[in-house]
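Below is one structure, written out as structure tokens, with a few remarks after it.
Residue numbers (our numbering): 3 to 115.
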């Protein structure tokens, strides 16, 4: 079990923890790319998740905050809004799973809020 604290994560996420963040985002992308339309997954990655912000809270685990109006950011793909929202939600869920793996934090309490 990890001794990660929210304060430590916030202070170090773009310094010492950046490689772990990159790995988690990359693994989630690979998961999604093998499951959903590649153009949609790429658009979500480049146009939505590139502006996202990961957070860690001791009681609720990892979460990924998306930029405002994520669906409005999707350009170059024709997709139903409900389907796009579902794919974005699953993608962020998978990022959280891979963040837990990278930081050695397990359990259902660490699901995306």
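Cβ coordinates follow ideal geometry from the N, Cα and C atoms, glycine included.
In three-state terms, what does DSSP make of residue 43? helix
Please check the pair residue 25 and residue 66, which I expect to be a contact at CB under 8 Å, by giving their CB distance rounded to whole angstroms. Not confirmed; about 15 Å, so no contact.
Distance CB(residue 85)-CB(residue 27) smaller than 9 Å: no
Ignore the nearest five residues each way along the sequence and tell me which others in residue 72's own chain have a CB closer than 7 Å to its CB. 50 and 90
Euclidean distance between Cα positions of residue 79 and residue 29: 22 Å
Expressed to the nearest angstrom, what Euclidean distance is found between the alpha-carbon atoms of residue 42 and residue 57? 24 Å
If residue 47 sits next to residue 31, beta carbons under 8 Å apart, how far is it from one beta carbon to the other, in whole angstroms? 5 Å
At what residues does the alpha helix (DSSP H) containing residue 56 begin and finish? Segment 55-59 is the beta strand (DSSP E) holding residue 56; no alpha helix (DSSP H) there.
Please find out if some non-hydrogen atom of the ligand COA comes closer than 8 Å to the beta-carbon of residue 98. The model on display carries no ligand, and the ligand COA is accordingly not part of it.
Along the chain, where does the beta strand (DSSP E) that runs through residue 66 open and close? Per DSSP, residue 66 belongs to the beta strand (DSSP E) from 63-67.
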